[in-house]
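Numbering (our numbering), first residue to last: 24 to 301.
In what follows, a structure is listed as C-alpha cells, so that the remarks can point back to it.
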Amino acid sequence: MNFSDKLTLITELGSDSMIFATDSRDRRQGGRSPTDHRPVKAHSNRPVESQVSIHRDPLFPPAPEGILLVGAGRNARNIICIFETADVRVSKLVDDQPKGEVLGHQVELIDDIEGANVDAFLTIADPVQAQLVRERPALKGCTWPRFIHPSSVVSSYAKLNEGCYVGPFAILTDVTLGRHVHLFAHNVLGARVSVGDFTVILPHATVASDARLGKRCMIGMGARIHAGVQIGDDCRIGVNAVVRRDMPDGTIAHSDQRVRVRRRISFARSSAHDDDGS
Numbered sequence: 024m025n026f027s028d029k030l031t032l033i034t035e036l037g038s039d040s041m042i043f044a045t046d047s048r049d050r051r052q053g054g055r056s057p058t059d060h061r062p063v064k065a066h067s068n069r070p071v072e073s074q075v076s077i078h079r080d081p082l083f084p085p086a087p088e089g090i091l092l093v094g095a096g097r098n099a100r101n102i103i104c105i106f107e108t109a110d111v112r113v114s115k116l117v118d119d120q121p122k123g124e125v126l127g128h129q130v131e132l133i134d135d136i137e138g139a140n141v142d143a144f145l146t147i148a149d150p151v152q153a154q155l156v157r158e159r160p161a162l163k164g165c166t167w168p169r170f171i172h173p174s175s176v177v178s179s180y181a182k183l184n185e186g187c188y189v190g191p192f193a194i195l196t197d198v199t200l201g202r203h204v205h206l207f208a209h210n211v212l213g214a215r216v217s218v219g220d221f222t223v224i225l226p227h228a229t230v231a232s233d234a235r236l237g238k239r240c241m242i243g244m245g246a247r248i249h250a251g252v253q254i255g256d257d258c259r260i261g262v263n264a265v266v267r268r269d270m271p272d273g274t275i276a277h278s279d280q281r282v283r284v285r286r287r288i289s290f291a292r293s294s295a296h297d298d299d300g301s
C-alpha cells in the first residue's frame with residue numbers, strides 16, 4: 024500500500040473511526056484486573072498494512088455497564104460532555120461532598136462504593152488530590168479504562184497506562200503515558216516523550232521530542248516544553264510558559280509576559296461637559 028492509498032483509506036474512515044488495538048488479554052478476558060497496571064500499546068511493531076485495527080468505542084477496555092466518574096467538581100462537567108460526544112455512557116458520579124445532580128447525574132459518596140468491581144474514571148484535575156483519591160480503599164475494586172477521543176490522532180506505537188485521558192484534537196506519537204495522565208485538548212506530544220503518573224496537561228500545551236515529564240506535574244494552557252527537557256516530579260508550568268531548561272522536582276516555571284488590567288475607557292461625554300456647554 025503506497026502513501027496515496029493509505030491517505031485514501033484514512034479519508035474514507037472519517038473522523039468517527041478510532042484506530043488502535045486493545046491488548047489481546049483484554050479481548051480474551053473482557054478487561055484487565057484492577058491490579059494490572061502495565062501499559063496498553065496502541066499497536067504492535069508490525070507493518071502498517073497489518074497493524075490497523077478499527078475500534079468504534081474510544082474507551083478501552085470497553086465499559087458495557089457505563090463508566091463511574093470519581094469526582095463531581097467542575098472538571099466532571101467537562102468530562103461528561105466530552106464523553107457524550109464520543110458515545111461513552113456515564114453511569115454514576117461519586118464525591119466526598121455530594122451536592123445533588125451534575126448534568127442530570129445523581130452524585131453519591133465515594134465510600135459507598137465499598138470496593139465494588141466497576142469501571143471508573145478520575146475527573147479530578149489537581150494531580151496531588153487525584154492520587155490521594157485513587158488510593159482510597161473504597162476504590163480498590165475498580166478497573167480504570169483508557170479514553171481517547173475520536174478526533175485525536177494517536178500513534179500506533181503510543182503506550183497508555185490505566186486511566187489515561189486523551190481529549191479532543193490531541194496528537195501523540197510514540198509516547199509513554201503513566202497512570203491517570205490527562206491531556207485535555209489540542210495537545211501535541213513529540214517522539215519518545217514520557218509523562219509520569221497523574222500529570223495533567225492543559226489545552227494547547229505542546230511537548231517536543233525526547234522530553235520527560237515527572238509525576239504529578241501540572242502543565243498550563245499554551246505552555247511549550249522544548250526537546251530533551253527533563254521535568255521533575257511535582258512541577259508546575261504556567262500559562263504560555265516556554266521551558267528550555269531542565270526543572271528539578273517541585274519547581275515552578277511561569278511566563279515573563281505580564282498582563283496589565285486597566286480601567287475601561289469611556290468615550291461618552293461627561294455630564295459636566297454637557298452642563299457647561301462645551
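Even glycine gets a Cβ: it sits at the ideal position worked out from N, Cα and C.
What span of residues does the beta strand (DSSP E) with residue i cover, start to end?
i, result
"R97", "Looking at the DSSP string, R97 is not in any beta strand (DSSP E); the run it does join, the alpha helix (DSSP H), is R97 to T108."
"K238", "Run containing K238: none; DSSP gives neither H nor E here."
"D269", "No beta strand (DSSP E) holds D269; DSSP gives it neither H nor E."
"V111", "Per DSSP, V111 belongs to no beta strand (DSSP E) and is neither H nor E."
"E131", "H128 to L132"
"A86", "From DSSP, A86 is part of no beta strand (DSSP E); its letter is neither H nor E."
"L145", "A143 to L145"
"R169", "R169 to I171"
Note the first and the last residue of the continuous alpha helix (DSSP H) segment covering residue i.
i, result
"V151", "P150 to R157"
Once you ignore the five residues that flank residue i on each side, which residues in its own chain have a CB closer than 7 Å to its CB?
i, result
"A99", "L92, L116, V125 and T146"
"G251", "D233 and A234"
"Q253", "R235 and D269"
"P81", "M41, A109, V111, F170, I171, H172 and P173"
"F192", "S174, S175, A208 and H209"
"S114", "E88, G89, I90 and L91"
"A86", "D142 and P168"
"A231", "G213, I248, H249 and A250"
"A390", "With the chain covering only 24 through 301, there is no way to say anything about residue 390."
Using the beta-carbon count (16 or more within 10 Å), is residue i buried or exposed?
i, result
"C258", "buried"
"I275", "exposed"
"N184", "buried"
"K122", "exposed"
"C165", "buried"
"S67", "Reliability fails at S67, whose pLDDT of 42 lies under 50, so the model's placement of it is uncertain and the value that follows must be treated cautiously. Exposed is the call here."
"A143", "buried"
"R202", "buried"
"D118", "buried"
"R239", "buried"
"G138", "exposed"
"D220", "buried"
"G243", "buried"
Whole angstroms is fine: what's the gap from residue i's alpha carbon to residue j's?
i, j, result
"S47", "F83", "At S47, the pLDDT of 33 sits below 50, so the modelled position is not reliable; the number obtained from the coordinates is stated separately. So the alpha carbons of these two residues sit roughly 12 Å apart."
"I224", "M241", "6 Å"
"G94", "V266", "31 Å"
"P150", "T222", "6 Å"
"V156", "E131", "15 Å"
"L206", "W167", "16 Å"
"G96", "H249", "32 Å"
"V218", "Q129", "33 Å"
"S179", "R285", "49 Å"
"V262", "N101", "20 Å"
"Q120", "R159", "15 Å"
"I260", "E107", "30 Å"
In chain order, what residues of the same chain have a beta carbon less than 8 Å from the beta carbon of residue i, not counting five sequence neighbours either side?
i, result
"D272", "G237, G255, D256, D257 and C258"
"A161", "I133, D134, D135, I136, E137 and G138"
"I105", "H172, G190 and P191"
"S73", "Low per-residue confidence applies at S73: pLDDT is 30, beneath 50, and the placement is therefore not dependable, though the value from the model is reported in the following sentence. For S73, where only same-chain residues beyond five positions count, there are no Cβ hits under 8 Å."
Excluding sequence positions up to five away, which residues of its chain have a Cβ less than 6 Å from the Cβ of residue i?
i, result
"C187", "R169, L200 and V204"
"A264", "A246, A276, H277 and S278"
"I103", "V113 and L126"
"P226", "F207, A208, H209 and M244"
"N140", "G164"
With residue i and residue j assumed to form a contact (beta carbons below 8 Å), what rounded beta-carbon distance in angstroms separates them?
i, j, result
"T229", "V211", "4 Å"
Does the distance between the C-beta of residue i and the nearest non-hydrogen atom of the ligand PLP fall short of 7 Å?
i, result
"R267", "Among the components modelled here there is no ligand, and therefore nothing to report on the ligand PLP."
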